[in-house]
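Below is one structure; the comments refer to it alone.
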Amino acid sequence: MKILVMGPPGAGKGSQSQKLIQDYDLSHISTGEMFRKSYERGEDLGKKAMAFINEGNLVSDKITNEIVRKRLMKPDASRCFLLDGYPRTVTQAKALDVMLSEMNSKLTAVINIVVDTDIILERMVGRRVCKACGHTYHLKFKPPQKQDVCDQCGGELYQRKDDQIDSVRNRLSIYESKTKPIIDYYKGRGVLVNINGMQSFDAVYRDIKKALRDLT
Ligand code: AP5
Ligand code: MG
């Protein structure tokens with residue numbers, strides 16, 4: 010199973026991916042998460058990337074394609090993977106096609122989670138993320154059992170800098186101009202499914218699983 014999960018910022022890509030990777034035993038490849046981890050490790054790549062991320066801008070295609078290529082070459086990813094937040098430009102989608110054809114592989118499903126802007130803004134402002142394991146919460150929709158503490162690992166929860174309103178608006182506008190065109194890129198391949206992301210976590214997950222069953 011080789012799945013791509015796409016959708017605007019705050020659509021629920023990460024939340025749904027966390028469940029999918031467990032149920033289907035997939036390697037989770039989230040470019041956003043990889044950049045944040047690299048920053049936490051104090052690496053130059055992470056520092057460079059974070060300057061773009063905090064403002065809500067995209068990291069360059071060249072840097073992003075390189076980290077994905079390296080990650081896909083690791084043994085666990087060559088079998089089954091879930092790409093979360095990559096590709097995010099048509100240039101990246103083309104680069105991914107080259108990588109997959111070199112691996113003699115292709116995508117099983119492209120899951121496009123659809124959510125309206127007003128709902129996205131509410132989700133971003135209330136999101137909290139675990140510093141240690143990256144697990145995602147929401148103050149209203151998915152609160153942790155203990156305030157500011159991760160249910161999964163006991164790590165500290167924080168608010169991402171790019172979840173501030175100006176950065177979110179910039180991310181949404183970049184999504185419209187740079188990322189949305191990818192939907193057309195995948196149309197006609199028989200793998201693209203639109204999922205209504207404006208439902209409960211469980212209902213969205215149920216629809217994704219049904220789509221995966223239909224495609225495999
Ligand atoms: P990334 O980390 O991928 O951020 P994003 O795409 O903006 O998406 P988010 O992680 O913000 O949202 P999500 O869809 O995962 O939603 P979540 O599940 O958390 O990328 C960050 C940055 O890195 C980018 O802006 C860019 O700068 C850079 N970058 C990354 N990849 C790149 C690439 N390929 N090329 C160039 N640059 C790249 O949910 C959001 C909130 O809503 C949570 O609080 C959650 O609990 C809640 N929620 C989710 N689903 C529901 C639901 N059904 N009901 C109620 N609440 C819900
Ligand atoms: Mg995410």
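Heads up: the sequence shown is residues 10 to 225, going by the numbering used here. Idealized CB from N, CA, C, for every residue including glycine. Since the model is a prediction, treat every value here as computed from it, not as a measurement.
Bridge-paired residues (DSSP) for residue i
i, result
"Leu201", "Val119"
"Glu227", "Nothing about residue 227 can be reported from this structure: the residues present for the chain run from 10 to 225 only."
"Arg136", "His147"
"Leu241", "The requested residue 241 is not part of the displayed model; the chain covers only 10 to 225."
Helix, strand or coil at residue i [DSSP, three-state]
i, result
"Val68", "coil"
"Leu130", "helix"
"Asn113", "coil"
"Lys60", "A small correction: the amino acid at residue 60 is Ala; Lys does not occupy that position in the sequence shown. The answer is helix: DSSP assigns Ala60 an H, G or I state."
"Arg45", "helix"
"Ala20", "coil"
"Pro153", "coil"
"Thr100", "helix"
"Lys189", "coil"
"Asp171", "helix"
"Ala220", "helix"
Euclidean distance between Cα positions of residue i and residue j
i, j, result
"Glu185", "Asn74", "21 Å"
"Met59", "Arg45", "7 Å"
"Val158", "Lys151", "13 Å"
"Ser209", "Ala220", "17 Å"
"Ile191", "Val99", "6 Å"
"Glu165", "Tyr48", "17 Å"
"Tyr194", "Val14", "14 Å"
"Asp127", "Lys149", "15 Å"
"Arg72", "Asp106", "For clarity, residue 72 is Ile in the given sequence; the question names Arg instead. Those two C-alpha atoms are separated by around 17 Å."
"Arg215", "Val200", "18 Å"
"Leu109", "Lys155", "42 Å"
"Leu243", "Arg178", "Lying outside 10 to 225, the shown extent of the chain, residue 243 is not represented and no answer is given."
"Val213", "Cys162", "25 Å"
"Glu52", "Ile76", "13 Å"
"Cys181", "Gly55", "Looking at the sequence shown, residue 181 is not Cys but Leu. If you take the alpha carbons of Leu181 and Gly55, they lie about 22 Å apart."
"Ile12", "Arg137", "25 Å"
"Ile198", "Asp223", "Before going further, note that residue 198 is Arg rather than Ile in the sequence given. About 15 Å."
"Ala23", "Gln31", "For the sequence presented, residue 23 should be read as Gly rather than Ala. Answer to the nearest angstrom: the Cα atoms are 13 Å apart."
"Met112", "Arg88", "10 Å"
"Pro84", "Asp211", "31 Å"
"Cys139", "Ser26", "16 Å"
Check your understanding: Pairing CB atoms from the stretch 46–66 with CB atoms from the stretch 155–175, are three or more of them under 8 Å?
Key -> Enough Cβ pairs lie closer than 8 Å, so yes.
Exercise for review: Evaluate contact between the stretch 19–29 and the stretch 131–144, counting only Cβ atoms and requiring at least three cross-stretch pairs below 8 Å.
Suggested key: yes
Point to revise | Any 3 or more C-beta pairs closer than 8 Å across the stretch 198–209 and the stretch 120–130 | key: yes
Check your understanding: Taking three-plus beta-carbon pairs below 8 Å as touching, is the stretch 30–50 in contact with the stretch 88–95?
Key -> yes
Review point. Okay, do the stretch 144–158 and the stretch 102–122 touch, 3+ Cβ pairs below 8 Å being the bar?
Key: Contact check between the stretch 144–158 and the stretch 102–122: fewer than three CB pairs, one atom from each, fall below 8 Å, which does not count as touching.
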